[in-house]
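Residue numbers (the working numbering), protein chains in the order written: chain G, 33 to 285; chain Z, 33 to 285.
There are 2 protein chains.
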Amino acid sequence: MVSTSASPSLSPFEPVRRAPLSVLVSRQMRELIVSGVLPLGTALPSEKALTEQFGVSRSTIREALRILQAQGLLSGGDTVSTARPQVSDRHVVESAALALEAVLRLGQVPLTDLVALRVVLEGAALEHAASDPGPEAIAEARVLLDAMRHAATAGDVAAFHTADVGFHIAMVGAGDNVAYRLVLGVLREAIAVHLLDALADLAEPAAVLGQLIGEHEAVLGAVEAGDGHAARHQVRAHILGFYAAHGQAGGTP
Amino acid sequence: MVSTSASPSLSPFEPVRRAPLSVLVSRQMRELIVSGVLPLGTALPSEKALTEQFGVSRSTIREALRILQAQGLLSGGDTVSTARPQVSDRHVVESAALALEAVLRLGQVPLTDLVALRVVLEGAALEHAASDPGPEAIAEARVLLDAMRHAATAGDVAAFHTADVGFHIAMVGAGDNVAYRLVLGVLREAIAVHLLDALADLAEPAAVLGQLIGEHEAVLGAVEAGDGHAARHQVRAHILGFYAAHGQAGGTP
DNA sequence: CCTTGACTGCTTGTCAGACAAGTATACCGT
DNA sequence: ACGGTATACTTGTCTGACAAGCAGTCAAGG
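The structure is reproduced here in structure tokens:
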């Protein structure tokens, strides 16, 4: 039975607008998940079992499960299989990115605002990272820098872009602040499509990619040298410079 | 008929794992929404009509609608009514905030990291705002500051908290960068519960609230004076000071 | 003319039951 | 012990049904 204890009708003349059962069930399950009662990786019982546990029909359970999957708290939903959905948190970030992308594409947020935010955030993250860079993140960044070089010589813009995104994420991850990594991950994912458009529309790809690689090297060098100030300014110049030169391609004015 | 044209099986030996129809339908509808074919405020057709348009059964349509509601792209879902869900973007931010809150409560992000992020972000936003503060935002901030004073004298911690949150949002909104407002809104919503706990646990509420009001006044003054540097440093001190003194209450270590 | 009331649809929320396709498991023969 | 089959179970989807609420419509009565 779903507890319907919520919302005591404070104003007696307003009819009690209870939420649909499916939403109530999803909230209860959500609470079980985020409160840790159902640890990450737990496989949920079958829909029939949930039917009995919550005292509602399978349709209702299924709607609740869809809600939780959309919120990123349950795996699955992307493929049809008999595998039971698992409690997961990987898709939560993806869900947040999806939300941000929706706001973006609905035209509520100009790209320039988003870029300004990214400059501030990434600058701060790198400044923080420079004080004590994680060695494995630095190593990963170096690998991705190599990948960028190869992609540039091969003229593979898409591969370059992938490595580029990875590089920035790795650099931000070199600091140990999870919040930076999270928000910047979302930001990047939302901006990525614009960026790829801009790269694809380049008149002289080789020259631009070469310059970008140089700027990446400078950023990496500054962080390795522990010079947070320089890292911040260089990443700022790197991002703003690119958007000033090639940012108009994507379309968002 | 839902177009199943996506994902041409590139590797013929991997069985084509198509996504459930409900997910496909939700993606199509999502695309219609974010691409602007269905403008904000549009009321969706009835479920039966959608049934015919997409060539799937009502159960499938309903699951798709639940997904879109969870993503914040459709209104409704919180109350049961015959009103058709409307295309909306207000709930998208809420959805992002929900995702962030989930990550937080799952223990993936320490509160200190989040606070550090907020300091950087809010500092940058206020520095930006100081260069050209929106007068109506400033007026709103002043009203909320008054509300804080009244709440403090009345000893109403909850009201103080509400006004506090509103003040910070108004100040950030004084700059015209939508991205700052968006992300900080999400951040605040995620932090809010910790903050309220901390306020409720104060040993000497009156003194602390008084000090907070003073700090808020200083921040407002700096922005009005156009001194971005001072605004950034003051809001930084304001946030870090509070969390250093009272931040342990919420529980997240 | 305006209000009131009943009636008729239509919509959502929920349930029960059915079936296909795929998978896991148990069981059985070698 | 091992391989292969049969069975049970799971998810995805459809169909049909019913209660409750809301929007009209339309006639009766003031």
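We put the beta carbon where it would ideally sit given N, CA and C, even for glycine. These numbers were taken from a predicted model, which means no experiment stands behind them.
Check, Outcome
"Nearest to residue 238 of chain Z (by Cα), restricted to the options Z/192, Z/267, Z/142", "Z/192"
"Backbone CA spacing between residue 181 of chain Z and residue 245 of chain Z [nearest angstrom]", "7 Å"
"Residue 136 of chain G versus residue 127 of chain Z: straight-line alpha-carbon distance, rounded", "14 Å"
"Test: residue 229 of chain Z CB closer than 8 Å to a CB of chain G", "no"
"Residue 266 of chain Z versus residue 272 of chain Z: straight-line alpha-carbon distance, rounded", "10 Å"
"Limits of the unbroken alpha helix (DSSP H) element including residue 75 of chain Z", "Counting along the chain, residue 75 of chain Z falls outside any alpha helix (DSSP H), and DSSP gives it neither H nor E."
"4-residue-minimum alpha helix (DSSP H) runs that sit fully inside the region 120-206 of chain Z, ordered along the chain", "122-137, 143-163, 167-186, 189-206"
"Distance, residue 116 of chain G Cα to residue 77 of chain G Cα", "7 Å"
"For residue 37 of chain G, the three-state DSSP class (helix, strand or coil)", "Any reading at residue 37 of chain G needs caution, since the residue's pLDDT is 44, under 50, leaving its predicted position unreliable; the model's value is listed next. Coil at residue 37 of chain G, not helix or strand."
"Continuous alpha helix (DSSP H) stretch holding residue 229 of chain G: start and end", "210-232"
"Length of the line joining the Cα atoms of residue 66 of chain G and residue 120 of chain G", "10 Å"
"Where the alpha helix (DSSP H) containing residue 236 of chain Z begins and where it ends", "Note, residue 236 of chain Z: premise wrong, no alpha helix (DSSP H); not H, not E."
"Pick from G/59, G/159, G/58 that is closest to residue 207 of chain G, judged by C-alpha positions", "G/159"
"Buried or exposed (CB count within 10 angstroms, at least 16 for buried), residue 270 of chain Z", "buried"
"Residue 275 of chain G, buried or exposed, once every other Cβ within 10 Å from all chains shown has been counted against 16", "buried"
"Contact the region 149-165 of chain G vs the region 150-157 of chain Z: 3+ CB pairs below 8 Å", "yes"
"Proximal residues, the region 75-103 of chain Z versus chain G, C-beta separation under 7 Å", "91, 94, 95, 98, 99, 102, 103"
"CB of residue 79 of chain Z within 8 Å of CB of residue 95 of chain G, strictly", "no"
"CB contact below 8 Å: residue 265 of chain G versus chain Z", "no"
"First through last residue of the alpha helix (DSSP H) which encompasses residue 92 of chain Z", "90-102"
"Boundaries (first-last residue) of the alpha helix (DSSP H) holding residue 57 of chain Z", "53-66"
"Beta-carbon neighbours of residue 205 of chain Z, restricted to chain G and to distances below 9 Å", "Chain G residues near residue 205 of chain Z: none, gap ~12 Å exceeds 9 Å."
"Interface flag, residue 140 of chain Z vs chain G, CB-CB below 8 Å", "yes"
"9 Å Cβ cut-off: residues of chain Z touching residue 237 of chain G", "Chain Z residues near residue 237 of chain G: none, gap ~26 Å exceeds 9 Å."
"8 Å Cβ cutoff, residue 148 of chain G in contact with chain Z", "yes"
"Three-state class that DSSP yields for residue 70 of chain Z in the structure shown", "coil"
"contact_flag[the region 245-260 of chain Z, the region 209-218 of chain Z] where n(CB pairs < 8 Å) is 3 or more", "no"
"Own chain residues within Cβ distance below 7 Å of residue 172 of chain G, not counting five before or after", "202"
"Pairwise C-alpha distance: residue 231 of chain G and residue 189 of chain G", "7 Å"
"Residues that residue 118 of chain Z bridges to, as DSSP identifies them", "Z/75"
"Sheet register partners of residue 106 of chain G (DSSP bridge)", "G/119"
"8 Å Cβ cutoff, residue 115 of chain G in contact with chain Z", "no"
"C-alpha gap between residue 309 of chain Z and residue 218 of chain G, whole angstroms", "The question about residue 309 of chain Z has no answer here: the residues shown for chain Z are numbered 33 through 285."
"Collapsed DSSP secondary structure at residue 264 of chain G in the structure displayed", "helix"
"Rounded C-alpha distance that separates residue 261 of chain G from residue 177 of chain Z", "36 Å"
"Residue 228 of chain Z versus residue 125 of chain Z - alpha carbon distance", "21 Å"
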